[in-house]
Amino acid sequence: MSSIKTVGVIGAGLIGASWTALFLAKGLRVIVTDPAPGAEAKLRDYLQEYCSAVPNATCSLDACMQNYTFVTDIDPYLETIDLIQENGPERLDIKRQLFAHLDAHTPEHIIIASSSSGLPSSQFITDCKRNPSRILIAHPFNPPHLVPLVEIVPHSATGEEYITAAREFYLSLDKDPIVVKQETPGFIANRLQAAVCAEAYSLVSRGVVSPEDLDKTITSGLGLRWALTGPIMTNTLGGGGDFGHFISHLGPALRCWLDDMQEHRFDLGSRERVDALKDIVDGWVKNVDLKKVEANRDELLAELVARKLVALEK
Ligand SMILES: NC(=O)c1ccc[n+]([C@@H]2O[C@H](COP(=O)([O-])OP(=O)(O)OC[C@H]3O[C@@H](n4cnc5c(N)ncnc54)[C@H](O)[C@@H]3O)[C@@H](O)[C@H]2O)c1
Ligand SMILES: *[C@@H]1O[C@H](CO)[C@@H](O)[C@H](O)[C@H]1NC(C)=O
Ligand SMILES: *[C@@H]1O[C@H](CO)[C@@H](O)[C@H](O)[C@H]1NC(C)=O
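So that you can map any letter, position 163 of the sequence shown is 151 in my numbering, and since no number is skipped, the others follow by simple counting.
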């Protein structure tokens, strides 16, 4: 993917700005656009903060700040771009219009990737007449300049060569892309997150555990281990190297817990339940310095990602 030198970033909100920092820190040139008033200044502030935080960056902050161009109209630049990363609002009408335009005005064989969190691309390529086979989802995890995961989700007519090229591109940026073989609502990571969160909401709202202690079960237990071995490998190791043994050993108990969870399923549609949960959570977080939590998280996250990169190279 050394042929990709210039990336077009469409939409410079939270995700677009973070992608821009990553691309710059890895030595790419970026043309970025966003129609919001004040977007250019906001982007500059984000980049000052994000670029130097990118693990294993190949460019200094100064070089990064010199290698992007913010434009109000990206059309005159579209011919010079080697890949597009789209980060506009999560709205079907906007993405539909945006993709029809990008498809019509970019070189025919460049990848157009959307950061969409949930809208599958089959729903917004409907007006693309030129080459929709180069369109796919490349869904990052916030913040993309730190978290390695990128979910590549093709639609049924995305070309195999574009899937391969997209994977290589994100790999070249030290990302850890996965390929989702079928469009599914929420893709993979957000579905897993939803499953865990649904049970967390249930346990906290039933008063089984405080929100603070619930979070600790993840940050000091499950999540900490999951950063190194995922659920399938964790089960395999838990079965003494045998996944089948794990299932036959713990399967009956697991079934019983799942049945109980089903019985106590948190009703996200109930205003009362949601308000009551919100009160419990607010009671905790009102005493927490959220800016500090976020800054500490991002600092340790960058260290952990860099450490994993080194470990994986061994
Ligand atoms: N926030 C997250 O945690 C997260 C994580 C992964 C993916 N995403 C996805 O990334 C995308 C962007 O999300 P975000 O959180 O950065 O939202 P955001 O609201 O921070 O940014 C969206 C930006 O798009 C701009 N915009 C509006 N119309 C546009 C147009 N026609 N062309 C170009 N830009 C336009 C807006 O001015 C805004 O700055 C969404 O599809 C979202 O689902 C978000
Ligand atoms: C900007 O990016 C281009 C394309 O990758 C690269 O050739 C150039 O050296 C970069 N410039 C700076 C100042 O880093
Ligand atoms: C860091 O970046 C270089 C150059 O892009 C790459 O070869 C290397 O694999 C990356 N990882 C580490 C841990 O240095």
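For every residue, glycine included, the Cβ atom is placed at its ideal position computed from N, Cα and C.
Note that this is a predicted model, so its numbers are computed, not measured.
Any non-hydrogen atom of ligand 2 within 7 Å of residue i CB
i	result
Leu16	yes
Asn275	no
Asn75	no
Asn44	no
Ala51	yes
Asn178	no
Cys47	yes
Gln36	no
N- and C-terminal bounds of the beta strand (DSSP E) containing residue i
i	result
Gly(-4)	Thr(-6) to Ile(-2)
Ser102	Ile99 to Ser102
Leu137	Leu137 to Pro142
Ala126	Ile123 to Pro128
Ile308	For residue 308 there is no data in the structure shown, the boundaries of the chain being -11 and 302.
Leu16	Counting along the chain, Leu16 falls outside any beta strand (DSSP E), and DSSP gives it neither H nor E.
Thr57	Tyr56 to Val59
Residue i: CB within 7 Å of a non-hydrogen atom of ligand 1
i	result
Glu78	yes
His127	yes
Asp203	no
Ala9	no
Ser109	no
Asp22	yes
Ile(-2)	yes
Leu265	no
Ile3	yes
Gly86	Rather than Gly, the amino acid found at residue 86 in this sequence is Leu. Yes; taking the cut-off as 7 Å, the Cβ of Leu86 has a heavy atom of ligand 1 nearer than that.
Ile82	yes
Residue i versus the options, residue with shortest Cα-Cα distance
i	options	result
Ser104	Ala92, His89 and Gln73	Gln73
Val135	Ala299, Glu301, Glu291 and Val298	Glu291
Gly(-4)	Thr46, Val42 and Leu66	Leu66
Asn119	Leu137, Ala88, Glu139 and Val138	Ala88
Pro108	Val298, Pro142 and Leu10	Pro142
Arg194	Arg84, Ile99, Gly15 and His252	His252
Asp22	Asn75, Ala13 and Ala45	Asn75
Glu149	Trp7, Arg17 and Ser121	Ser121
Pro95	Ile69, Arg84 and Cys116	Ile69
Proximity test, Cβ basis, 8 Å: residue i and chain C
i	result
Arg122	Absent from the structure: chain C. Only one protein chain is present.
Bounding residues of the alpha helix (DSSP H) (the contiguous stretch that carries residue i)
i	result
Thr152	Glu148 to Ser160
Phe87	Leu80 to His93
Ile235	Phe231 to Glu251
Thr46	Careful: Thr46 lies outside any alpha helix (DSSP H) and carries neither H nor E.
Leu191	Ala177 to Ser193
Val197	Taken as a continuous stretch (DSSP letters only), Val197 belongs to no alpha helix (DSSP H), as it is neither H nor E.
Gln36	Ala27 to Tyr38
Val281	Leu278 to Glu301
Contact test: residue i Cβ vs ligand 5 heavy atom, cutoff 7 Å
i	result
Ile140	Ligand 5 is absent from the structure shown, which contains only ligand 1, ligand 2 and ligand 3.
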